[in-house]
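Going down the list, the sequences are from chains H and L.
For the first sequence, the positions run 1 to 235 when my numbering is used.
For the second sequence, the positions run 1 to 235 when my numbering is used.
Even for Gly, the Cβ is constructed at its ideal location relative to N, Cα and C.
To keep things clear, I will list the structure first and then write my remarks on it.
2 protein chains.
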Amino acid sequence: MSASGTLTGIGVGPGDPELLTLKACRAIREADVVAYPANAAGESLARDIAAAEILHAALELPVLVPMCTDRAPAQTAYDDAAGTIARHLSQGRSVAFLCEGDPFFYGSFMYLFARLGETYETRIVPGVTSLTACAAALGRPLAARNELLKVLPAPLPEETLKAELRGADCIAIIKVGRHFEKVRRVLRDAGLNGAAAIIESATRDNQRITALDDIPDGEQPYFSTILAYRGDEGW
Amino acid sequence: MSASGTLTGIGVGPGDPELLTLKACRAIREADVVAYPANAAGESLARDIAAAEILHAALELPVLVPMCTDRAPAQTAYDDAAGTIARHLSQGRSVAFLCEGDPFFYGSFMYLFARLGETYETRIVPGVTSLTACAAALGRPLAARNELLKVLPAPLPEETLKAELRGADCIAIIKVGRHFEKVRRVLRDAGLNGAAAIIESATRDNQRITALDDIPDGEQPYFSTILAYRGDEGW
């Protein structure tokens with residue numbers, strides 16, 4: 001019986017296929033099974049980014065994760081996916097799991113890592129995160145010198161966001177989506193809206209950069225990150 | 001007379017040459033002039049990482065930056081380097097400036113960007129930062145779900161570090177060097193030392209990972225980042 005295969009969590013970067021690392025390209029080409037998150041329509045941004053590196057010989061394994069605020073269906077989906085991946089690994093096949101950005105930076109890979117990381121040999125190939133991609137797109141540093149940077153997930157309570165804006169020199173707000181109006185309100189209350197920009201789909205063909213105050217009321221920017229800076233009149 | 005050349009700030013990643021992106025490789029190969037920070041002995045980590053991509057035909061431009069706590073000599077060095085780079089750009093040559101990690105994440109590139117970015121066309125190629133490389137090396141996520149991540153430069157005052165540890169789920173402390181004992185004291189006072197690790201030279205041959213409490217008194221780990229986590233018994 002053959003030894004178990006290795007599970008590799010691979011960061012494929014923020015969207016531009018050229019932002020794949022050489023290591024990610026090699027790891028994808030060498031994998032027996034290439035897995036990736038996908039939606040119910042079979043679409044997968046992670047697969048799109050890495051498409052050129054996926055060999056025809058590799059077995060592909062889309063992991064369908066329900067997108068809803070209730071956590072239970074997603075956890076069941078990860079249980080199922082972990083089971084399938086475990087069977088491949090046990091049979092000696094190497095499995096690459098493609099992750100937008102970096103596998104260990106707010107990615108869904110940790111749900112698989114939590115289920116498989118202690119049983120199977122697991123490697124991580126770090127990738128370019130959306131944060132520095134957004135800063136590059138915006139044309140201004142994410143953080144410099146001894147500035148204090150905070151990464152705030154938008155679903156956090158309004159009071160937490162408000163409290164944490166104090167003391168931050170540079171602010172990245174992720175997972176904005178339906179929390180946009182709350183986030184904008186908090187940034188306005190803190191006087192940081194003038195120096196804030198929202199970056200959608202960084203490095204992709206449909207990349208869009210908008211000053212925070214220019215987003216119409218009622219709009220909910222998707223695939224977006226807000227960067228804001230203290231002590232700054234504008235960007 | 002030819003048009004001015006483009007300045008490209010290129011993130012070459014944390015150390016492993018395989019963590020260069022395809023875009024970085026192409027930008028380096030296409031550049032007329034390849035510039036990089038170097039020390040007085042002529043050593044350059046950024047150049048070492050990208051060595052395989054630098055063509056013999058390219059003109060190389062080491063930028064010697066004095067390493068001292070006094071800022072004036074370094075600023076003079078950047079003035080001189082910006083002048084030299086400006087001459088190349090004005091003569092129509094493209095200039096690639098190699099940056100460890102990402103050009104817009106606590107890098108020295110911003111000193112050149114501040115001097116040249118408004119006059120010359122400037123592009124940024126984002127790179128893998130040391131933060132996610134450290135998390136990959138450590139084998140645990142940098143941040144997940146709705147965790148609040150703070151990046152704290154170690155030179156910040158002890159009271160600031162102490163105050164900012166509150167409210168953080170995940171903590172990355174950068175630029176540790178001679179501030180190590182202060183940082184360890186602050187983490188111990190906050191009860192976060194048990195779940196903290198120091199990662200030196202992440203992804204390089206001399207990578208070393210040590211539990212914070214295992215570093216002998218008096219030692220000052222170089223090229224290091226500390227990752228710490230709240231609500232965790234150990235890593």
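For I215/H, no beta strand (DSSP E) segment is defined, and its DSSP state is neither H nor E. Proximity to L212/H across N206/H, I199/H, D205/H peaks at I199/H, based on C-alpha coordinates. In the three-state reduction of the DSSP assignment, E53/L falls in the helix class. Linking A74/L to K150/H through their CA atoms gives a straight-line distance of about 28 angstroms.
For V183/L, no beta strand (DSSP E) run applies; the uninterrupted alpha helix (DSSP H) run containing it begins and ends at 180 to 189, by DSSP.
At a cut-off of 7 angstroms between C-beta atoms, M110/H counts as an interface residue with respect to chain L. A distance below 8 angstroms between beta-carbons, with the five flanking residues on each side excluded, links D79/H to the following residues of its chain, in chain order: R115. Spatial neighbours of S224/H in its own chain (CB-CB distance under 7 angstroms, excluding positions within 5 residues in sequence) are listed in chain order as V176, I198, I199, E200. Closest in alpha carbon position to H88/L, among D214/L, G13/L, A27/L, V33/L, is V33/L. With a 10 Å radius around the Cβ and a threshold of 16 neighbouring Cβ atoms, E164/H comes out buried. According to the DSSP assignment, F97/L belongs to the beta strand (DSSP E) that extends over 95 to 99.
Within the same chain, and ignoring the five residues on either side of F113/H in sequence, the residues whose Cβ sits closer than 7 angstroms to its Cβ are G9, T122.
Distance check between A3/H and each of I28/H, A50/H, A86/H, E43/H places A86/H closest, using alpha-carbon atoms only. Scanning G101/H, Q207/H, A135/H for the CA closest to the CA of L142/L turns up G101/H. Between A38/H and L64/H, the gap from beta carbon to beta carbon is short of 7 angstroms. Buried is the label assigned to P153/H, since at least 16 other Cβ atoms lie within 10 Å of its Cβ. In this chain, the beta strand (DSSP E) harbouring G9/H covers 7 to 11. The beta strand (DSSP E) runs lying completely inside the stretch 14 to 38 of chain L and spanning 3 residues or more are 33 to 38, given in chain order.
Only those residues of the stretch 84 to 104 of chain H whose C-beta falls short of 9 angstroms from the nearest C-beta of chain L are listed: G101, D102, P103, F104. Taken atom to atom, the span from the alpha-carbon of H179/H to that of A72/H is near 21 angstroms. With a cutoff of 7 angstroms on beta-carbon distance, S108/L and A31/L are scored as not near each other.
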